[in-house]
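Asker: Here it is: the structure, laid out below.
There are 2 protein chains.
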Amino acid sequence: MSVDVATPEVLIHRARLDANIARMADATASAGIGLRPHVKTHKVLEIARSQLAAGAVGLTVATVGEAEVFVADGATDVLIAYPLWATSEIGRRLQALVERATITVGVDSPEGAANLAQHLGASASRIEAWVEVDSGHHRSGVRPGSVEEDRIADGTGLGLTGVFTFPGHGYLPGQAKDAARQEGEALSSVAARLRAAGHDIRHASGGSSPSVAFSSPDHVTEVRPGVYALGDAQQFELGRCGWDDIALSVATTVVSQRVESRELIANAGSKVLGSDRPAWTTGYGRVLEAQGARVTALSEHHATVRWPDEGRMPALGEQIRLIPNHVCLTMNLLDEVAVVEDDIVVDRWVVAARGRNR
Amino acid sequence: MSVDVATPEVLIHRARLDANIARMADATASAGIGLRPHVKTHKVLEIARSQLAAGAVGLTVATVGEAEVFVADGATDVLIAYPLWATSEIGRRLQALVERATITVGVDSPEGAANLAQHLGASASRIEAWVEVDSGHHRSGVRPGSVEEDRIADGTGLGLTGVFTFPGHGYLPGQAKDAARQEGEALSSVAARLRAAGHDIRHASGGSSPSVAFSSPDHVTEVRPGVYALGDAQQFELGRCGWDDIALSVATTVVSQRVESRELIANAGSKVLGSDRPAWTTGYGRVLEAQGARVTALSEHHATVRWPDEGRMPALGEQIRLIPNHVCLTMNLLDEVAVVEDDIVVDRWVVAARGRNR
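First to last, the sequence lines map onto chains C and U.
Each residue of the first sequence is one higher than the one before, starting from 1194 at the first, in the numbering used here.
Each residue of the second sequence is one higher than the one before, starting from 1194 at the first, in the numbering used here.
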């Protein structure tokens, strides 16, 4: 089986994508939790529209530039889940955005919030500000019980209406449940502290694709998974998606081989797949055609694949489809992707927010 | 010191770039070895023109799409250093290219060469084919003394006029000199075998930025370093460039900090820097302002920086410039870069071949 595309080409398997979107929408609705998908994963308008049509309460983005792309397409409620440091340019762009949609920004310091308020001017009252909480991932965010929590509760120049966290420490085998528990405890703790200071905290936002199944409506009003829509080798190896749920692969051609060692070289590398390789993963990616195969090395344009001992090895010139470890990086590398149904290309989607890093 | 750009932004330090280009041109000229820079590193027309003006014998690229970009800009001699598997589309594009420039392609199997010849048709006699040699990196390429060497020597349907290798195993501390020795031995061995079979082997192409200083004119006619023009954290840590030679940095803004642990978060992550992190590197990148600082973690839009114990930590909102581990991935992520002289933006260059993965 092969898809009629020039390789390397990113393929989106439409039926799997649709099923993933529906499954997460159903699961969060059943749990009584809102779903605000992180669209930095895919950066594609068509996928965001499907997520909103399936009941998402809004979208999550990482940058002002991503917010602009999705608001221009009609999104009405967008969280920029990032502790923005405003400049006059960022201030002007946010002013334009709040005219068209409900925009929420992250803050994790009174200095950052005051700087945002200053550059927003009269629009400051129209933006929502949610405090980012460090629930154990130790990246940005205020820690429960810290001096920073007190400082931000004491006043920032922006109205604080929510809390959010990224439980990224759930991206380790067996850690997702604990991460979700810590997410809930940290969000509730900081929300209580902010409420005690008089802030009207109405939103508590958590969740990542690995941990979202363990998020509790006792602690969160919404979750923000991203990768779930597409799946990748990392989610599969974490046990957070099934093999047949993986909706993105990269069509490649076998260009070289070493038959004696059961190795082949496919014509896609880190410039298409991305090069994320957490220590606990089994390689640089997987192969759709053979669950036992591994991408054992990755250069910019070469993937070295170790084929399983059993079974026929693909010949030179044959197509194989690689599954990247981390799909968010893959989608950031190409301008367009091919949409397939039953191995037939039925559409092409533009990666509308690719490279919108500012 | 800061540069007046919206962050994150890739900066090319013009004076350093020019010095790097001149230094490598002088070194290879003195050694009597041709220089064919690998332009996948930067993908920028202006930089390739400088390299050619400094005496480069031609350019190296990884894909047909990259060749098209540089030939359209006037390059007259381009090596596609990759074992291409031709399709009818690739055949048509190569036919167009050989009308405009001397085009050389890599082959590492008689099947791949025969397939190329078939799709090139009447243009097959106008293309140069060089045999890729595995000199120890164990990616693509034929191994000296192997059955594949005999098979390719026996005939491929393309005229074989050269040999080339990528000594990528020199990308380890202390290994560059040995890798260059193996490069020379492997190239000479395969060239001798091909000559014995009647092929007129006139080119032996080696070299990577770490190993090029050790390449010998006894074994190579030309070398193909790429990263040397820009430098990166990896080359610095390998001892292959000085701190003040690093010509690319990523301007970022400090958006969050943890003063007690001397950590800060800068607003650029793997979607701008790339996420290559060989095990021997000291982190995910370095910081131009403080040689003792390390990027200790990298998310898509966050770089966690551990600041040295001594000295003032940058404040929230301050600009710091990150040095990526592997600059080839960084240049593949943005459509444009800012060119700076004395911290003033003097130009903007389009990354003309970004995303040309086919």
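Cβ atoms here follow ideal geometry from the backbone N, Cα and C, with glycine treated the same way.
May I ask which residues mark the beginning and end of the beta strand (DSSP E) holding Leu1313 of chain U?
Answerer: First-last for Leu1313 of chain U: Pro1303 to Leu1313, but that is the alpha helix (DSSP H), not the beta strand (DSSP E).
Asker: Between the stretch 1497-1514 of chain C and the stretch 1437-1454 of chain C, do three or more beta carbon pairs fall short of 8 Å?
Answerer: Taking 8 Å as the limit for Cβ pairs, the verdict is that the stretch 1437-1454 of chain C does touch the stretch 1497-1514 of chain C.
Asker: Below 8 Å between beta carbons is the criterion; list the residues of the stretch 1264-1276 of chain C that meet it against any residue of chain U, in chain order.
Answerer: Of all residues in the stretch 1264-1276 of chain C, Tyr1275 and Pro1276 have a Cβ within less than 8 Å of some Cβ in chain U.
Asker: What residue does the beta strand (DSSP E) around Asp1556 of chain C start on, and which one ends it?
Answerer: No answer is possible for residue 1556 of chain C: the residues shown for chain C start at 1194 and end at 1551.
Asker: Starting from Leu1353 of chain C, follow the alpha helix (DSSP H) in both directions and report where the run begins and ends.
Answerer: Taken as a continuous stretch (DSSP letters only), Leu1353 of chain C belongs to no alpha helix (DSSP H), being part of the beta strand (DSSP E) at Leu1353 to Thr1358.
Asker: Applying a beta-carbon distance threshold of less than 8 Å, which residues of chain U neighbour Thr1256 of chain C?
Answerer: Chain U residues near Thr1256 of chain C: His1494.
Asker: In chain U, what lies closer than 9 Å to Val1498 of chain C by C-beta?
Answerer: Within 9 Å Cβ-Cβ: nothing; Val1498 of chain C doesn't reach chain U, min ~12 Å.
Asker: Contact defined as beta carbons within less than 8 Å: I believe Ile1394 of chain C pairs with Leu1351 of chain C. What is the distance between those atoms, to the nearest angstrom?
Answerer: Actually they are not in contact, since the Cβ atoms of Ile1394 of chain C and Leu1351 of chain C sit about 13 Å apart, beyond 8 Å.
Asker: Pull up the CB-CB distance for Phe1407 of chain C and Lys1370 of chain C, whole angstroms please, since I reckon it's below 8 Å.
Answerer: With 8 Å as the limit, Phe1407 of chain C and Lys1370 of chain C qualify as a contact, their Cβ atoms being about 5 Å apart.
Asker: Go ahead and pull the three-state DSSP assignment for Ile1283 of chain U.
Answerer: Residue state, collapsed to three classes: helix.
Asker: Would you say Gly1305 of chain C and Trp1278 of chain C are within 8 Å of each other, going by their C-beta atoms?
Answerer: Taking 8 Å as the Cβ cut-off, Gly1305 of chain C and Trp1278 of chain C qualify as a contacting pair.
Asker: Going by alpha carbons, who is nearest to Arg1499 of chain C out of C:Gly1485, C:Thr1358 and C:Ala1373?
Answerer: Comparing Cα-Cα distances from Arg1499 of chain C to each of C:Gly1485, C:Thr1358 and C:Ala1373, the minimum goes to C:Gly1485.
Asker: Considering Ser1398 of chain C, what are the terminal residues of the beta strand (DSSP E) in which it resides?
Answerer: From DSSP, the beta strand (DSSP E) with Ser1398 of chain C extends over His1396 to Gly1399.
Asker: List, in chain order, every chain C residue whose beta-carbon is nearer than 9 Å to that of Ile1320 of chain U.
Answerer: Those within 9 Å of Ile1320 of chain U in chain C number zero; the least Cβ separation is about 17 Å.
Asker: My understanding is that Ala1255 of chain C touches Glu1493 of chain U, with C-beta atoms under 8 Å, so please give their C-beta distance in whole angstroms.
Answerer: Right, the Cβ-Cβ distance comes to about 7 Å (below 8 Å), so this counts as a contact.
Asker: Within 8 Å of any Cβ in chain U, is that where the Cβ of Asp1469 of chain C sits?
Answerer: With 8 Å as the cut-off, Asp1469 of chain C counts as an interface residue toward chain U.
Asker: Please give the ranges of any beta strand (DSSP E) in the stretch 1487-1542 of chain C, keeping only runs that are unbroken, at least 3 residues long and fully inside the region.
Answerer: Here the runs fully enclosed are 1487-1491, 1496-1499, 1512-1517 and 1529-1534.
Asker: Can you give, in chain order, each stretch of the alpha helix (DSSP H) that sits fully within the stretch 1210-1276 of chain C and has at least 4 residues?
Answerer: Listed in chain order, they are 1238-1246 and 1257-1265.
Asker: State yes or no: is the C-beta of Thr1253 of chain U within less than 8 Å of the C-beta of Pro1276 of chain U?
Answerer: No, they are not a contact pair.
Asker: Does the beta-carbon distance from Gly1462 of chain U to His1495 of chain U come in below 8 Å?
Answerer: Yes. Within cutoff.
Asker: Is Ala1247 of chain U close to chain C? Criterion is C-beta to C-beta, closer than 8 Å.
Answerer: Chain C contact via Cβ: absent.
Asker: Arg1551 of chain U touches chain C at which residues, Cβ-Cβ below 9 Å?
Answerer: Under the 9 Å cutoff, chain C gives Ala1199, Thr1200, Pro1201, Glu1202 and Asn1460.
Asker: Please report the straight-line C-alpha distance between Gly1258 of chain C and Ala1546 of chain C, rounded to a whole angstrom.
Answerer: Cα to Cα, Gly1258 of chain C sits roughly 8 Å from Ala1546 of chain C.
Asker: What whole-angstrom Cβ distance do Ala1239 of chain C and Ala1531 of chain C have, given they're in contact under 8 Å?
Answerer: In the sequence as presented, Ala is not what sits at residue 1239 of chain C; that position holds Glu. Not confirmed; about 13 Å, so no contact.
Asker: What is the DSSP secondary structure of Ala1483 of chain U, reduced to helix, strand or coil?
Answerer: The answer is strand: DSSP assigns Ala1483 of chain U an E or B state.
Asker: Find the residues of chain U that neighbour Val1465 of chain C, judging by a C-beta separation of less than 8 Å, and give them in chain order.
Answerer: What Val1465 of chain C touches in chain U: Asn1550.
Asker: Note down, in chain order, every chain C residue with its Cβ under 8 Å from the Cβ of Glu1342 of chain U.
Answerer: Within 8 Å Cβ-Cβ: nothing; Glu1342 of chain U doesn't reach chain C, min ~13 Å.
Asker: With a threshold of 8 Å between beta carbons, is Thr1280 of chain U in contact with chain C?
Answerer: Answer yes: the Cβ-Cβ gap between Thr1280 of chain U and chain C drops below 8 Å somewhere.
Asker: I need the boundaries of the alpha helix (DSSP H) containing Leu1387 of chain C, first residue and last residue.
Answerer: Element bounds for Leu1387 of chain C: Ala1369 to Ala1389.
Asker: With a cut-off of 8 Å on the beta carbons, I'd call Glu1321 of chain C and Thr1297 of chain C a contact; round off their distance for me.
Answerer: Yes, they are in contact, since the Cβ atoms of Glu1321 of chain C and Thr1297 of chain C sit about 4 Å apart, within 8 Å.
Asker: Going by the beta-carbon positions, is the gap between Arg1293 of chain C and Val1264 of chain C smaller than 8 Å?
Answerer: A contact, by the Cβ cut-off of 8 Å.
Asker: I need the boundaries of the beta strand (DSSP E) containing Ala1444 of chain U, first residue and last residue.
Answerer: Here the beta strand (DSSP E) through Ala1444 of chain U covers Leu1441 to Arg1451.
Asker: Could you tell me whether any Cβ in chain U is nearer than 8 Å to the Cβ of Asp1425 of chain C?
Answerer: It does not; no Cβ of chain U falls within 8 Å.
Asker: Do His1167 of chain U and Gly1329 of chain U have their C-beta atoms closer together than 8 Å?
Answerer: Residue numbering for chain U in the displayed model covers 1194 to 1551; residue 1167 of chain U lies beyond these limits and cannot be assessed.
Asker: Compute the distance between the beta-carbons of Thr1221 of chain C and Val1356 of chain C, then report whether it is under 8 Å.
Answerer: No. Outside cutoff.
Asker: Quick one: residues in its chain with C-beta nearer than 8 Å to the C-beta of Lys1236 of chain U, no 5 flanking neighbours on either side, listed in chain order?
Answerer: Correct list, in chain order: Glu1259, Val1262, Met1524, Asn1525, Val1544, Ala1545, Ala1546, Arg1547 and Arg1549.
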